[in-house]
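In UniProt numbering, the protein residues as written are 1 to 255.
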């Protein structure tokens, strides 16, 4: 009996040792494998990236098209305004060696046409007067204002006259007044005023009234800029119309 017990104990010890070794071998042989991503998850992520890329490309293309459209619209508006400006602007005579600004003023009175008894339209001559700068006479400087001497260039009719460097209205009516100046000074900004002065005023009426004003910025290098003003006004008999130049500085305004 004792021999059988010893044999049984030896078998149990060997079996326990084998199980322990087997367990150790199992623990040593089991590899740690990385978790693989499924194809469906990878496809979903790639699809999202592609969709975002396409959306950004479409957005960029849309913004580019909008920008091109805005540029084309602005160019068309600029060309339209330029054509309209050239249509309204009176032709300015050319002159070499402009040392002084040139001012051209035309005033006209009366209707352009007259309806006869038979219904026909007969052209009516309009009175007008034109002045240009006298480059041979020095300008007159009074403070920030420069008075330019004028020469009578053209006159038709009796409604307007030139007197003491001014235009005198002899007949009441509606007039078209146009003035343009070419500036060649490097001052910060330059401009001109066209004023009306009444000899006889009543009540609170002002004797001196500014009709038009124009101002332009002057470039620092190669200063060359033009400024013009125009409009239709009703002027009474005995009114004086004059024009002079103003200089604007950074510290203050002379208007």
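Note that CB positions come from ideal geometry on N, CA and C, so glycine has one too.
Who does residue 259 pair with in a DSSP beta bridge? No answer is possible for residue 259: it lies beyond the span of the chain, which begins at 1 and ends at 255.
Residue 213 versus residue 225: straight-line alpha-carbon distance, rounded: 15 angstroms
On the DSSP bridge assignment, give the partners of residue 62 in chain order. Paired residues: none, contrary to the question.
Compute the distance between the beta-carbons of residue 152 and residue 162, then report whether it is under 7 angstroms. yes
Between the C-alpha atoms of residue 235 and residue 176, what's the straight-line distance to the nearest angstrom? 10 angstroms
When DSSP builds the beta bridges, which residues end up paired with residue 155? 129
State the DSSP-derived secondary structure class of residue 241, mapped to helix, strand or coil. strand
Please say whether residue 131 and residue 150 have beta carbons closer to each other than 7 angstroms? yes
Option in 64, 166, 216 with minimal Cα separation from residue 184: 216
Exposure label - residue 76; buried when at least 16 CB within 10 Å: exposed
Measure the Cβ-Cβ separation of residue 241 and residue 167 and say whether it is below 7 angstroms. yes
Whole angstroms are fine: how far does the CA of residue 190 sit from the CA of residue 179? 14 angstroms
For residue 23, which residues from the same chain have a beta carbon less than 7 angstroms from its beta carbon, with the 5 sequence-adjacent residues on both sides left out? With a pLDDT of 46 at residue 23, under the threshold of 50, the modelled position of this residue cannot be trusted; read the value that follows with caution. No residues qualify anywhere along the chain.
Please report the Cβ distance between residue 83 and residue 127, rounded to the nearest whole angstrom; I am assuming they are in contact, meaning their Cβ atoms lie under 8 angstroms. Not confirmed; about 30 angstroms, so no contact.
Buried or exposed: residue 133, going by 16 or more other Cβ atoms within 10 Å of its Cβ? buried
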